[in-house]
Amino acid sequence: MEKINNVTEFIFWGLSQNLEVEEVCFVVFSFFYMIILLGNILIMLTVCMGNLFKVPMYFFLNYLSFVDICYSSVTAPKMIVDLLAKSKTISYVGCMLQLFGVHFFGCTEIFILTVMAYDRYVAICKPLHYTTIMDRGRCNKMLLGTWIGGFFHSIIQVALVVQLPFCGPNEIDHYFCDVHPVLKLACTDTYVVGVVVTANSGTIALGSFVILIISYTIILVSLRKHSAEGRLKALSTCGSHIAVVIIFFGPCTFMYMRPDTTFSEDKMVAVFYTIITPMLNPLIYTLRNAEVKNAMKRLWSKRVFSKANG
Numbered sequence: 036m037e038k039i040n041n042v043t044e045f046i047f048w049g050l051s052q053n054l055e056v057e058e059v060c061f062v063v064f065s066f067f068y069m070i071i072l073l074g075n076i077l078i079m080l081t082v083c084m085g086n087l088f089k090v091p092m093y094f095f096l097n098y099l100s101f102v103d104i105c106y107s108s109v110t111a112p113k114m115i116v117d118l119l120a121k122s123k124t125i126s127y128v129g130c131m132l133q134l135f136g137v138h139f140f141g142c143t144e145i146f147i148l149t150v151m152a153y154d155r156y157v158a159i160c161k162p163l164h165y166t167t168i169m170d171r172g173r174c175n176k177m178l179l180g181t182w183i184g185g186f187f188h189s190i191i192q193v194a195l196v197v198q199l200p201f202c203g204p205n206e207i208d209h210y211f212c213d214v215h216p217v218l219k220l221a222c223t224d225t226y227v228v229g230v231v232v233t234a235n236s237g238t239i240a241l242g243s244f245v246i247l248i249i250s251y252t253i254i255l256v257s258l259r260k261h262s263a264e265g266r267l268k269a270l271s272t273c274g275s276h277i278a279v280v281i282i283f284f285g286p287c288t289f290m291y292m293r294p295d296t297t298f299s300e301d302k303m304v305a306v307f308y309t310i311i312t313p314m315l316n317p318l319i320y321t322l323r324n325a326e327v328k329n330a331m332k333r334l335w336s337k338r339v340f341s342k343a344n345g
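Residue numbers for the sequence shown, in this note's numbering: 36 to 345.
Pasting the structure below:
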């Protein structure tokens, strides 16, 4: 049977159909997006200029900030512009690219968080072998693996969608192109595709979440053998990681660990993992991490001192 695709663009319903609510959201999310950019860029500058790049934890933190910027930029700018637009449209190709970007950077972030948990496990549970296990070569391979894993995941998602026929309607009850809302518009039975999508996304989200929970449980149990000062330092670092994991994986699990169905709450839930988490990551990692704060203070002091002498 020949594929019929009469749809050249999709129309978003957006976050709200109330004009006053949209104007308030425009101000709020513009502010949030500015914090995402400034906060994550500040972390990247601190890691690179503060000579923290050689430490695996900050090596991965640097790329987590980069992925956060990319991840939020796939949806936030379009959503912010659409809040004041009368017609919230996106081309078919643009929709597929957005779907690819959301899953590519989202999955990559999941894998980076998992790798960061492994780094903390080695640092706390196998401190004598840490430098040997987490050498630069292995860190680079792990980072490459996160990007490759994210790419294959997103390619599968997009490949499942692009082979479907879309002959109308073309209105998406969301503020960006995601798999479940787009599948609802396909003019064919999408049961099998929905099952594969759920298995693909759900396995990654739930599998990584379980690995993270096990890793941090082992870490917390092993901390009993450390001194009070060592426990406090480790808990401070792991606490920030656990906070990010809960904020990110909670909404992701709600969205992707279920059959091909959509709920009215999906848009608000999606805001958490596409905007709130990328915004909170810099705050959590800087406020809960003394070394990052000290590096920022040193960089700021050097900047002020150089300006005073200049």
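Yeah, the Cβ is synthetic: ideal placement off N, Cα and C, and Gly gets one too.
> Trp182 and Thr143 look like a contact to me (Cβ under 8 Å); what is the Cβ gap, rounded to whole Å?
Replying inline: 6 Å
> Going by alpha carbons, who is nearest to Phe349 out of Ile239, Val63, Pro286 and Ala221?
Replying inline: Nothing about residue 349 can be reported from this structure: the residues present for the chain run from 36 to 345 only.
>> Between the alpha carbons of Cys160 and Ala152, how many angstroms are there, rounded?
In response: 12 Å
>> Could you tell me the alpha carbon to alpha carbon distance between Gly136 and Tyr106, rounded to whole angstroms?
In response: 7 Å
> In the structure shown, what three-state DSSP assignment does Glu300 receive?
Replying inline: coil
> Are the Cβ atoms of Phe95 and Ile147 separated by less than 8 Å?
Replying inline: yes
>> For a test of the three-state rule: what should DSSP assign to Ala343, helix, strand or coil?
In response: For Ala343, the pLDDT reaches just 49, beneath the cut-off of 50, and the residue's location in the model is therefore unreliable, although a value from the coordinates is still provided. If DSSP states are grouped into helix, strand and coil, Ala343 belongs with the helices.
> If you check the beta carbons only, do Tyr320 and Ser275 fall under 8 Å apart?
Replying inline: yes
>> Could you give the first and the last residue of the continuous beta strand (DSSP E) run that contains Phe307?
In response: Where Phe307 is concerned, there is no enclosing beta strand (DSSP E), given that its DSSP letter is neither H nor E.
> Are at least three pairs of beta-carbons, each pair with one atom in the stretch 178-197 and one in the stretch 117-136, less than 8 Å apart?
Replying inline: yes
> Between which two residues does the alpha helix (DSSP H) harbouring Ser122 extend?
Replying inline: Where Ser122 is concerned, there is no enclosing alpha helix (DSSP H), given that its DSSP letter is neither H nor E.
> Starting from Phe187 and walking both ways along the alpha helix (DSSP H), at which residues does that stretch end?
Replying inline: Arg171 to Val197
>> Just to confirm the assignment, what range does the beta strand (DSSP E) spanning Phe45 have?
In response: Glu44 to Phe47
> What are the partner residues of Ile207, as DSSP defines its beta bridges?
Replying inline: Phe47
> For Pro317, which residues from the same chain have a beta carbon less than 6 Å from its beta carbon, with the 5 sequence-adjacent residues on both sides left out?
Replying inline: Gly74, Asn75 and Ile78
> Does DSSP put Asp154 in a helix, a strand or coil?
Replying inline: helix
> Hey, out of Val42, Glu206 and Val63, whose CA is closest to Ser122's CA?
Replying inline: Glu206
> For Ser65, which residues of its own chain have a beta-carbon under 6 Å away from its beta-carbon, when the five flanking residues on both sides are left out?
Replying inline: Ile115
> Grouping DSSP H, G and I as helix and E and B as strand, with all else coil, what is Gly85?
Replying inline: coil
>> Between which two residues does the alpha helix (DSSP H) holding Asn41 run?
In response: Unbroken run through Asn41: none, as it is neither H nor E.
> When the Cα atoms are used, what is the spatial distance from Thr110 to Phe211?
Replying inline: 6 Å
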